[in-house]
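Below: one structure, written as structure tokens.
Numbering (this note's numbering), first residue to last: 1284 to 1418.
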């Protein structure tokens, strides 16, 4: 199953959005305006994300998933609510993109005959060196 990320759209109407006051310095204005944006949605109920991607996101971003199973993303980089909201959706898109392709399975390999011989030879040389110290 090959998933196509190019045409992927995030349905903004299905994502809960809230604003609050940003922390840190900023003068008098920061105490009056709620510019920090937080978006959240229940990750496993998000049918607009394919199930394998949701599972990989659950594992990769477990620190951002709360006890209710909601993925929480926040931004307070800008003084503008709109820019912070766009930043949150860019973060979400990046998270989805990073989990879109499945990681490659590791193929086990056996050591070659020459590498085994080299390892044993190195062990013997080291053993001889230590043995010669005692004499």
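Don't be surprised by glycine CBs; every beta carbon is placed ideally from N, CA and C.
For the set 1305, 1378, 1317, the Cα lying nearest the Cα of residue 1341 is the one of 1378. Around the Cβ of residue 1367, a 10 Å sphere holds 16 or more other Cβ atoms; the residue is buried.
Here residue 1356 is buried. Its C-beta has 16 or more other C-beta atoms within 10 Å.
Secondary structure at residue 1391: coil, using DSSP grouped into helix, strand and coil. Taking one beta carbon from each stretch, the region 1406-1413 and the region 1345-1363 have fewer than 3 pairs nearer than 8 Å; the two do not touch.
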